[in-house]
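The structure under discussion appears below in the form of structure tokens.
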Amino acid sequence: MRVKQTTLAEAASLVSDGDTVALQNMATQAAPMAMVRELIRQGRRELGLVCLVGGIALDWLAAAGCMNRFIGNAVSMEQFGLAQHYRRGVESGRIRMEELSETALLARLGAGARNLPFLPTRGMIGTDLIDINENLTMLDDPFGGPPVVACRALVPDVALIHCHRADRHGNVQYEPTALWPDIGIMPKAARRVIVTTEQIVDSDVLRVNPDRTVLPGFVVDAVVEVPWGAHPTSFNPLYGYDAALHLAWAAAARSDDDVAAFLDSYVYGPADHDAYLTAVGGVERMAALARWETG
Amino acid sequence: MRVKQTTLAEAASLVSDGDTVALQNMATQAAPMAMVRELIRQGRRELGLVCLVGGIALDWLAAAGCMNRFIGNAVSMEQFGLAQHYRRGVESGRIRMEELSETALLARLGAGARNLPFLPTRGMIGTDLIDINENLTMLDDPFGGPPVVACRALVPDVALIHCHRADRHGNVQYEPTALWPDIGIMPKAARRVIVTTEQIVDSDVLRVNPDRTVLPGFVVDAVVEVPWGAHPTSFNPLYGYDAALHLAWAAAARSDDDVAAFLDSYVYGPADHDAYLTAVGGVERMAALARWETG
Amino acid sequence: MAPDPHLDSPPAGDWTVDELMIAVLASCFEDGDQACNGMASFLPVAALQLAKLTHAPDLVWLAGAVGLEPRPGPIPASTLEAPLWRDALMYVEQYGDFWTLALNGRWLQKFCVGAAQLDRFGNANNSVIGGDFHAPKVRLPGTAGLADMGSLGKQLYYWNPNHNPRSLVETVDFVSCAGYLGGGDERERLGLTGGPELVVTNLCVMDFEPDSKHMRLRSVHPDVTLEQVLDATGYEPVLPPGGVPVTPKPTAEQVRLIREVIDPHGMRHREFRRR
Amino acid sequence: MAPDPHLDSPPAGDWTVDELMIAVLASCFEDGDQACNGMASFLPVAALQLAKLTHAPDLVWLAGAVGLEPRPGPIPASTLEAPLWRDALMYVEQYGDFWTLALNGRWLQKFCVGAAQLDRFGNANNSVIGGDFHAPKVRLPGTAGLADMGSLGKQLYYWNPNHNPRSLVETVDFVSCAGYLGGGDERERLGLTGGPELVVTNLCVMDFEPDSKHMRLRSVHPDVTLEQVLDATGYEPVLPPGGVPVTPKPTAEQVRLIREVIDPHGMRHREFRRR
Chain E
0 MRVKQTTLAE AASLVSDGDT VALQNMATQA APMAMVRELI RQGRRELGLV
50 CLVGGIALDW LAAAGCMNRF IGNAVSMEQF GLAQHYRRGV ESGRIRMEEL
100 SETALLARLG AGARNLPFLP TRGMIGTDLI DINENLTMLD DPFGGPPVVA
150 CRALVPDVAL IHCHRADRHG NVQYEPTALW PDIGIMPKAA RRVIVTTEQI
200 VDSDVLRVNP DRTVLPGFVV DAVVEVPWGA HPTSFNPLYG YDAALHLAWA
250 AAARSDDDVA AFLDSYVYGP ADHDAYLTAV GGVERMAALA RWETG
Chain G
0 MRVKQTTLAE AASLVSDGDT VALQNMATQA APMAMVRELI RQGRRELGLV
50 CLVGGIALDW LAAAGCMNRF IGNAVSMEQF GLAQHYRRGV ESGRIRMEEL
100 SETALLARLG AGARNLPFLP TRGMIGTDLI DINENLTMLD DPFGGPPVVA
150 CRALVPDVAL IHCHRADRHG NVQYEPTALW PDIGIMPKAA RRVIVTTEQI
200 VDSDVLRVNP DRTVLPGFVV DAVVEVPWGA HPTSFNPLYG YDAALHLAWA
250 AAARSDDDVA AFLDSYVYGP ADHDAYLTAV GGVERMAALA RWETG
Chain W
0 MAPDPHLDSP PAGDWTVDEL MIAVLASCFE DGDQACNGMA SFLPVAALQL
50 AKLTHAPDLV WLAGAVGLEP RPGPIPASTL EAPLWRDALM YVEQYGDFWT
100 LALNGRWLQK FCVGAAQLDR FGNANNSVIG GDFHAPKVRL PGTAGLADMG
150 SLGKQLYYWN PNHNPRSLVE TVDFVSCAGY LGGGDERERL GLTGGPELVV
200 TNLCVMDFEP DSKHMRLRSV HPDVTLEQVL DATGYEPVLP PGGVPVTPKP
250 TAEQVRLIRE VIDPHGMRHR EFRRR
Chain F
0 MAPDPHLDSP PAGDWTVDEL MIAVLASCFE DGDQACNGMA SFLPVAALQL
50 AKLTHAPDLV WLAGAVGLEP RPGPIPASTL EAPLWRDALM YVEQYGDFWT
100 LALNGRWLQK FCVGAAQLDR FGNANNSVIG GDFHAPKVRL PGTAGLADMG
150 SLGKQLYYWN PNHNPRSLVE TVDFVSCAGY LGGGDERERL GLTGGPELVV
200 TNLCVMDFEP DSKHMRLRSV HPDVTLEQVL DATGYEPVLP PGGVPVTPKP
250 TAEQVRLIRE VIDPHGMRHR EFRRR
């Protein structure tokens, strides 16, 4: 199998201004944050983001002016509140949100992955979400049953994924944990796939647990080793979310100056991922998060 | 959680004459054969079978006069040849086959599981399979893209599944192995689910590997402990298919007398599953199959 | 909310409204039901655990819509993070498994919903308030699974720890979750079954008048007056004939279970601080 | 079938037709392609392994459409049982994963097909022969994944170890796999891309004339005459201008790899016994 291993900087070059970017994320969980910071540092503009539930990644991208649209179910940092910059972006009209129910987002991505023009759902019927969305339309059942909501195929330009281990060919493995839909379907729907991984291992390590491999290397374009690459989100079972950094962001988000200082400290400032880890507390902090001392 | 543990005989009473029965099966693999033999012994009639690829189970059901229709992709015992009784049943008009491509069968079952009236595929376009099947129809994409084949929802009355271990609540676990679609979708589509399992374990055993649990107990109606319950098909990684018994059946299938004798020896005759295991070679034979000495 | 023998222990002398709300939500679940929870859902999670510990031992909980029947333990700081579903019997994959089970219609038939806005017909809004959808006055988190649950024949149980005229409104600004729509048989005419069953707030319990589908006051919490409820509600709920009953207090045993076993760290109070 | 430097070893002095067919099929796969195999597919499995060991080391094999890149080993008695995919890098789940990847159109773009009947336009039949669909003269196994692969833009490579007028027919009794249908642009007009590329039999290699989509003789195997091929074919294949070339013999190295490494137990011979 071909070798896909590369650096964060090289991998980020697979994302262009204006791209639609499917981002693994679930409130406070499992976002490929190192790759998100790299995109911000490289100054990407006019990105469209696709998430099930967007969290701090989306708020940073919004605060840094990298995004102008979002397709997804919700944006929230759960216990750390709403993503204020994302929210203001939408309220000011700078960011356009295509709001979908979960089955509708999965149908749009599922159709994209399967090269089908649409997939149906029975969710959302009766809501205001259908009429305002040109990618959704009511469709009669050709067999005379109840009508469905047809959800138009969505093919993101690129998917960003973080995993527990991968080999240098891009075969992607997860430890037993919650498998969110972004892992199962986004990378198959997207034109390009960038994987960051806690660890690059020899392929023979994957053969020990072939049932834990969730993506074959041939769908992956780049794989980068980034330990703690989901920080400050959690990456179960390895480490918990960093509550302190989430709270610091939620506090900074109220003032433009504080936002600039925060992004300088944690996104623009650190020369590389190691410098970032030092800035957020280094080995000691990571060890605490590995014990799920998240507070 | 409620207790679903019962006996083969009790579980089989959940299957009525005329039912549409989704059967886990893949040529020579993983069929819930003990339950199939129980249904034959109990004399079920006019069953409709739904399989991805039907194997020896289907041929026994056909030879015993239990079935009058089949919905699926193919029927074959692979290296042991065609299922001759099934085949003659179709050729004589006694068994009606609804022949579907794999994506079409998965779409029909997937729609049934998801309470959608249909799901689309792009397979089969141009073949003769669509026009002759009232459960398939061409459908225009409401967004102006290419047309699809709409596949009408299929809701079997009952699904029969075999697994590596389960608890008495019907939570179903597999060892790492090939996960065929019948495991992933048939039990969710069917109105009732009967599980046979190599082993009933305490629920705490399941908690060690929650990623290997493939069905929550609340979808299961009955669970029965039947070690070697897939014999003479294989049940990876525990044991291989029994080539000798497949060959004996293939030979017997040529004459009505031999078929009757075969079914008496291995299906009608043995008083229970233990007696069946003795009849097919007992502990020694099972040990050889566990070493994948299948010949 | 059928009478339940397990609840026939003496009412608590010392109780708070969060505990009362948990007890009411717990009574909505029956033995053998299955239920999941979403983000920031401390009251529903506590209610599911309370039901399991009292009248519904065979209630099946899909923690965070991920972990089947985790080992009981104190509610952690998040209802959508791994500590909630530790030692589960199954990790339910979301794309193929969870949504297939939820769409099916035979399982997961009851769902607790938190909504920023709720109107008299039980329509909910977690999307936008005011202005245009694409330049709203307030952008809410988004509908997520709620827009599905409202249309899939589920019985919906709304909870609201901060009953006020801005959250209980005459008409929602945007329907992100289908309740009874315009009322009457409008929901039925769209082919939708199920629908809102109950609304549990910090002041009262409401249900829906069977024909009109107007929200109806079912009981007012102890120490709350009818006037307080009406003042805090952006529409006039239907009043039951013959006076409004008082919501039963949680029992002493329920309060003990909530405080000592289910939520010793008091995570449930976050729901009240949040708004 | 572009010329390949890895094949430039001397032709084998001692070869058999199964080895020649495997070599021809192997030459259809390029480095970086992905391919799976179905039931009773000994020649394609041997061809994929041969390609990997010679000109296409980065060809990705999805053994039995289940096991990603198993450790190389002798072909076992079944091409759809666990021994084929032992020590794989991944078990590909069939419902969500395999068919999603196959439908996508970017992966698994080449597929080897065995068919009971094949007609001059590359339409295949594994369903029924003679009579009515519901009371046929012969019920074949069924189309399985083939009816998908024929319509999903794949390049199809037919193999047939028993070239005769009953298997290579003027018109198939039933189209279970879409080839070029009635020929010309009929396939294109249905919005289908891809299609049959090559037919490899025990007598010859055929491809398809680009405009008419009629099957065309590409080469005749060594020691086989053009007359033998035409007698064994139920229609008249298009003949290439300037005479029919002879199929290149497998190289000595290819034959050695097949006999000693890939299929030491001779499982490939079962395909010839079967018919």
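Residue numbers (numbering that gives the first Met the number 0), protein chains in the order written: chain E, 0 to 294; chain G, 0 to 294; chain W, 0 to 274; chain F, 0 to 274.
The C-beta atom is built at its ideal place from N, Cα and C for all residues, glycine as well.
Partners in chain W for residue i, counting only beta-carbon separations shorter than 7 Å
i, result
"G183 (chain G)", "G95"
"N235 (chain E)", "A81"
Classification of residue i by the beta-carbon crowding that lies within 10 angstroms, buried from 16 upward
i, result
"P71 (chain W)", "exposed"
"A82 (chain G)", "buried"
"M137 (chain E)", "exposed"
"A260 (chain G)", "exposed"
"K136 (chain F)", "exposed"
"H264 (chain F)", "exposed"
"Y275 (chain E)", "buried"
"P2 (chain F)", "Note that P2 (chain F) has pLDDT 47, beneath the 50 cutoff, so the model's placement of it is unreliable and the number below is only indicative. The residue is exposed, with fewer than 16 neighbouring Cβ atoms inside 10 Å."
"T224 (chain W)", "exposed"
"T277 (chain E)", "exposed"
"V228 (chain W)", "buried"
"R273 (chain F)", "Since pLDDT at R273 (chain F) reaches only 48, below the 50 mark, its modelled position is unreliable, and the value read off the structure follows with that caveat. By the 10 Å Cβ count, R273 (chain F) comes out exposed."
"P215 (chain E)", "buried"
"P244 (chain F)", "exposed"
"Y267 (chain E)", "exposed"
"E282 (chain G)", "Per the sequence shown, residue 282 (chain G) should be read as Val rather than Glu. Under this definition V282 (chain G) is an exposed residue."
Beta-carbon proximity check, residue i vs residue j, cutoff 8 Å
i, j, result
"T176 (chain E)", "V225 (chain E)", "no"
"L159 (chain G)", "P269 (chain G)", "no"
"I257 (chain F)", "E29 (chain F)", "no"
"F170 (chain G)", "M89 (chain W)", "The amino acid occupying residue 170 (chain G) in the given sequence is Asn; Phe does not appear at that position. Yes. Within cutoff."
"L135 (chain G)", "C150 (chain G)", "yes"
"L107 (chain W)", "A34 (chain W)", "yes"
"F79 (chain G)", "L48 (chain G)", "no"
"Q253 (chain F)", "A46 (chain F)", "no"
"D18 (chain G)", "D201 (chain G)", "no"
"K212 (chain W)", "Y179 (chain W)", "yes"
"A50 (chain F)", "P69 (chain F)", "no"
"A103 (chain G)", "G122 (chain G)", "yes"
"H245 (chain G)", "M76 (chain G)", "yes"
Within chain G, the residues that residue i reaches when beta carbons sit closer than 9 Å
i, result
"D147 (chain F)", "S100, E101, T102, A103, T120, R121, G122, M123"
Presumed contact (8 Å Cβ cut-off) between residue i and residue j, rounded CB distance
i, j, result
"N125 (chain F)", "G141 (chain F)", "6 Å"
"G66 (chain F)", "L83 (chain F)", "7 Å"
"A56 (chain G)", "L99 (chain G)", "Actually they are not in contact, since the Cβ atoms of A56 (chain G) and L99 (chain G) sit about 18 Å apart, beyond 8 Å."
"R36 (chain E)", "C65 (chain E)", "With 8 Å as the limit, R36 (chain E) and C65 (chain E) do not qualify as a contact, their Cβ atoms being about 11 Å apart."
"G113 (chain F)", "S40 (chain F)", "7 Å"
Contacts that residue i makes with chain G (C-beta to C-beta distance below 7 Å)
i, result
"P140 (chain F)", "A73, V74, S75, L81"
"H133 (chain F)", "G92, R95"
Contacts that residue i makes with chain E (C-beta to C-beta distance below 7 Å)
i, result
"G144 (chain G)", "P116"
"S77 (chain W)", "T27, E77, Q78"
"E68 (chain F)", "M0"
Partners in chain F for residue i, counting only beta-carbon separations shorter than 7 Å
i, result
"A112 (chain E)", "T99, N103"
Cross-chain neighbours of residue i in chain E, by beta carbon under 8 Å
i, result
"D326 (chain G)", "This structure leaves residue 326 (chain G) out entirely; chain G is present only between 0 and 294."
"A87 (chain F)", "R206, P209"
Contact set between residue i and chain W, taken where Cβ atoms lie within less than 8 Å
i, result
"P175 (chain G)", "Within chain W, no residue comes near P175 (chain G); the closest Cβ sits about 14 Å away, beyond 8 Å."
Closer than 9 Å at the beta carbon, the chain F residues around residue i
i, result
"P215 (chain E)", "Q33, V59, L61, L67, E68, L88, M89, V91, D96, L100, W106"
Counting only runs of 4+ residues fully inside the stretch 69-127 of chain G, write out the alpha helix (DSSP H) ranges in chain order.
-> 83-90, 101-112
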